[in-house]
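Numbering (the UniProt record's numbering), first residue to last: 1 to 509.
Structure, as structure tokens:
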Amino acid sequence: MLRRVIISRASSHINPFCCPRFYPQTSNFHSTKQLKHDSNKPDPANPISRTLGALSYDFRQLKKRLTMSQAERELEDNTEGDVPYDFPKQCDVIIIGGGAMGSSIAYWLRKRALHGLRVVVIEKDPTYQKCSSVLSAGGLRQQFSLEENIEMSLYGAEFLRNMGEYLSIEGEPQVDPQFHPYGYLFLASEAGADTLKRNSVLQNSLGAKNLLLTPEKLTQNFPWINTDGIELGCYGLQNEGWFDPWTLLSGLKNKAIHLGAEYIAAEAVGFEFKQNPNIEVSGIPAGQYVGLDKLTVRTQSGEERSIQFAIAIIAAGAHSNDIARMAKIGTGPGMLSVPLPVEPRKRYVYCFHSPDGPGLNTPLTIDPTGTYFRREGLAGNYICGRSPELVDEPAVDNLEVDLEYFDQKIWPILAKRVEAFGNLKVKSSWAGFYEYNKFDENGIIGMHPYYHNLYLATGFSGHGIQHAPAVGRAISELIIDGRFVTIDLTRLGFDRIITLEPMLEANIV
Numbered sequence: 001m002l003r004r005v006i007i008s009r010a011s012s013h014i015n016p017f018c019c020p021r022f023y024p025q026t027s028n029f030h031s032t033k034q035l036k037h038d039s040n041k042p043d044p045a046n047p048i049s050r051t052l053g054a055l056s057y058d059f060r061q062l063k064k065r066l067t068m069s070q071a072e073r074e075l076e077d078n079t080e081g082d083v084p085y086d087f088p089k090q091c092d093v094i095i096i097g098g099g100a101m102g103s104s105i106a107y108w109l110r111k112r113a114l115h116g117l118r119v120v121v122i123e124k125d126p127t128y129q130k131c132s133s134v135l136s137a138g139g140l141r142q143q144f145s146l147e148e149n150i151e152m153s154l155y156g157a158e159f160l161r162n163m164g165e166y167l168s169i170e171g172e173p174q175v176d177p178q179f180h181p182y183g184y185l186f187l188a189s190e191a192g193a194d195t196l197k198r199n200s201v202l203q204n205s206l207g208a209k210n211l212l213l214t215p216e217k218l219t220q221n222f223p224w225i226n227t228d229g230i231e232l233g234c235y236g237l238q239n240e241g242w243f244d245p246w247t248l249l250s251g252l253k254n255k256a257i258h259l260g261a262e263y264i265a266a267e268a269v270g271f272e273f274k275q276n277p278n279i280e281v282s283g284i285p286a287g288q289y290v291g292l293d294k295l296t297v298r299t300q301s302g303e304e305r306s307i308q309f310a311i312a313i314i315a316a317g318a319h320s321n322d323i324a325r326m327a328k329i330g331t332g333p334g335m336l337s338v339p340l341p342v343e344p345r346k347r348y349v350y351c352f353h354s355p356d357g358p359g360l361n362t363p364l365t366i367d368p369t370g371t372y373f374r375r376e377g378l379a380g381n382y383i384c385g386r387s388p389e390l391v392d393e394p395a396v397d398n399l400e401v402d403l404e405y406f407d408q409k410i411w412p413i414l415a416k417r418v419e420a421f422g423n424l425k426v427k428s429s430w431a432g433f434y435e436y437n438k439f440d441e442n443g444i445i446g447m448h449p450y451y452h453n454l455y456l457a458t459g460f461s462g463h464g465i466q467h468a469p470a471v472g473r474a475i476s477e478l479i480i481d482g483r484f485v486t487i488d489l490t491r492l493g494f495d496r497i498i499t500l501e502p503m504l505e506a507n508i509v
């Protein structure tokens, strides 16, 4: 059943499926003046100094709590607010980006380190109206060609199944991701059949469950499919389907806040650097290493403030390269001359009604052209989309929807593959951004090779929402354990960009 507002084709096409949630604004500070740097502040990179700083911070918090008014206590207790009562001047870990990826990292760090790490999340859009996480179709699949992606999706399925346990908060309703386990159905032409077979063998060897289907078997299982031009299909039997991405994002954020993470409604505008003669990096003269020390942010009131950190994490989705350039990645010398190859790519999603379309037995189906569709409820409603060819990539300076793209590039494919889709009506549509990794369309995960205190979690090219739980856990392992523990994601590090060794994924939708 549709839970969204229906918009006519003649009106402005916003995202009616993923209704934005508005967080109360609590951007109140004791002072509007930027505090000057104090040379006596504890060094966040020094464990002893950091411990003393934490004890001092706890004492100040207790003193403040004992002396504040009842109204101030109520403001302090508003954990859904976007700015804490005390704006942080220092933290152990600062995460730039508070979508599903950033919130997963915050959740895992606080879950594992408890009060051992002060975690601050910077999010410029606290309403998430333009957030790629909630503008996605919410798909979950193990049908990838890379082992790492398969394993991350397997864990994503496990996390969704047990989300009520992972993200439960005492006194709050249990979190339900509304997972619909109806599978994915990849269709391949003769040219893609061998690849589909190889991928299926790998997927099943790692614990995924899917089945290869000939055209005859496809017709038996899904009589609404026209198999013209289809050589083979691969149908996911378990742990595949779709879910509500907003529920995952809000659940991760709320639990992270409950565990002590601090969310700041602000935009990152630059880094401050600090020379560290004790660090040596290839290509940099001894004693000349300059590292990251502080992040400058602009609050919603327009005020700029700096936060000193021990570790920074870029999880800013489609805008991650903007943050990376602030750190001189792509503009600096040596290793810093290699840019972060992530850019926004606009993608359209259309909702249509087809009164005679397929019913309950309808997986998320992907045509060899890349055109996909899935059910949305049981009232003849569906959502669909297709990534454009490179020459047809739309401008990314807005989120307007091109309805002609549906008419010219998508509808003919739908009508060919499912006869009933010859009779349909577009009811609504929206657009969002892929954080597109133009190097190899795969995530970039781990420490930057130049900066010892900068980590990356970006570039997932459309499959980030389903990998967010695994990536959050992986980044927490790198920071706390010093290595990947559960899933080895070493091959997805930034080093492959420098050495020009792409990790190509065959199954990008």
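Even glycine gets a Cβ: it sits at the ideal position worked out from N, Cα and C.
Because the structure is a prediction, the values reported are computed rather than measured.
Close-in-space but distant-in-sequence residues of the same chain around residue i (CB under 6 Å, 5 per side omitted)
| i | result |
| --- | --- |
| Lys253 | Ser103 |
| Ala431 | Lys346, Tyr348, Leu399, Val401 |
| Gly260 | Arg110 |
| Leu489 | Glu148, Ile445, Ala474 |
| Ile413 | Asp367, Thr369, Thr371 |
| Ile96 | Ile122, Ala268, Ile314, Ala316, Ile323 |
| Ser145 | Asn199, Glu505, Ala506, Asn507 |
| Glu441 | Ser461, Glu505, Ile508 |
| Glu477 | Phe484, Val485 |
Contact belief for residue i with residue j at Cβ below 8 Å, rounded distance in angstroms
| i | j | result |
| --- | --- | --- |
| Glu267 | Lys124 | 4 Å |
| Tyr107 | Val281 | So it is not a contact: roughly 32 Å between Cβ atoms. |
| Thr299 | Glu272 | Not really, about 17 Å apart at Cβ, beyond 8 Å. |
| Ile311 | Val120 | Ile311 to Val120, Cβ: 11 Å. No contact. |
| Pro355 | Gly380 | 5 Å |
| Cys234 | Phe186 | 5 Å |
| Lys427 | Cys351 | 5 Å |
| Pro177 | Asp244 | 6 Å |
| Ser168 | Ala318 | Actually they do not touch by this definition, with Cβ atoms about 31 Å apart. |
Closest residue to residue i among the options (Cα-Cα distance)
| i | options | result |
| --- | --- | --- |
| His467 | Glu148, Ile311, Val120 | Glu148 |
| Ala194 | Ile230, Glu172, Met163 | The displayed chain sequence assigns Asp, not Ala, to residue 194. When only C-alpha atoms are compared, the closest one is Ile230. |
| Tyr436 | Tyr372, Asn423, Ser387, Lys427 | Ser387 |
| Ile410 | Ser168, Ser428, Thr371 | Thr371 |
| Glu376 | Ala113, Val120, Gly139 | Gly139 |
| Asp392 | Lys425, Ile383, Phe406, Asn381 | Phe406 |
| Thr458 | Gly493, Ser428, Val485 | Gly493 |
| Ile225 | Leu196, Gly287, Asp495, Phe373 | Phe373 |
| Val396 | Glu343, Thr247, Gly482, Met101 | Glu343 |
| Tyr166 | Leu248, Val134, Gly334, Pro285 | Leu248 |
| Glu481 | Lys217, Pro341, Arg112 | In the sequence under discussion, the amino acid at residue 481 is Asp, which differs from the Glu named in the question. Nearest option by C-alpha distance: Arg112. |
| Ser320 | Leu456, Pro223, Met447 | Leu456 |
| Leu218 | Pro394, Ser205, Gly171, Val418 | Val418 |
| Val290 | Met447, Pro469, Asn162, Lys274 | Lys274 |
| Gly359 | Ala188, Asp495, Phe222, Gln408 | Phe222 |
| Cys384 | Ile497, Leu403, Leu232 | Leu403 |
| Lys255 | Val175, Asp495, Tyr382, Met326 | Val175 |
Residue i, buried or exposed, once every other Cβ within 10 Å from all chains shown has been counted against 16
| i | result |
| --- | --- |
| Ala191 | exposed |
| Val509 | buried |
| Asn361 | exposed |
| Phe22 | Only weak support is given to the placement of Phe22: the predicted model assigns it a pLDDT of 32, under 50, and the question is left unresolved by the model. |
| Asn423 | exposed |
| Leu114 | exposed |
| Asn199 | buried |
| Gln70 | Because Gln70 carries a pLDDT of 46, less than 50, the predicted location of this residue cannot be relied on, and the following value inherits that uncertainty. Answer is exposed; the Cβ neighbour count stays below 16. |
| Lys294 | buried |
| Gly183 | buried |
| Leu213 | buried |
| Glu501 | exposed |
| Lys425 | exposed |
First through last residue of the beta strand (DSSP E) which encompasses residue i
| i | result |
| --- | --- |
| residue 569 | Only positions 1 to 509 of the chain appear in the structure, and residue 569 is not among them; the question remains open. |
| Arg305 | 304 to 314 |
| Gln203 | From DSSP, Gln203 is part of no beta strand (DSSP E) but of the alpha helix (DSSP H) over 193 to 205. |
| Leu364 | 364 to 366 |
| Met447 | 444 to 447 |
Residues of its chain near residue i, where Cβ-Cβ distance is below 7 Å and the 5 sequence neighbours each way are ignored
| i | result |
| --- | --- |
| Leu336 | Lys328, Ile329, Tyr450 |
| Gln142 | Ile150, Ser153, Leu154, Gln203, Ala208, Gly236, Asn239, Glu240 |
| Gly462 | Tyr434, Ile508, Val509 |
| Trp242 | Ala137, Gly138, Gly139, Leu140, His180, Leu364, Arg374 |
| Phe421 | Ser354, Gly357, Leu414, Ala415 |
| Val134 | Cys18, Tyr128, Pro245, Trp246, Leu249 |
| Asn210 | Gln143, Ser200, Gln203, Asn204, Cys234, Tyr235, Gly236, Leu237 |
Continuous alpha helix (DSSP H) stretch holding residue i: start and end
| i | result |
| --- | --- |
| Glu216 | 215 to 221 |
| Leu478 | 464 to 480 |
| Met101 | 100 to 113 |
| Arg345 | Careful: Arg345 lies outside any alpha helix (DSSP H), inside the beta strand (DSSP E) at 342 to 353. |
| Glu267 | Not the alpha helix (DSSP H): Glu267 falls in the beta strand (DSSP E), residues 262 to 275. |
| Asp228 | It is not in any alpha helix (DSSP H) - Asp228 carries neither H nor E in the DSSP assignment. |
Residue-chain proximity (residue i, chain C), Cβ-Cβ < 8 Å
| i | result |
| --- | --- |
| Arg374 | You won't find chain C in this structure, because it holds only one protein chain. |
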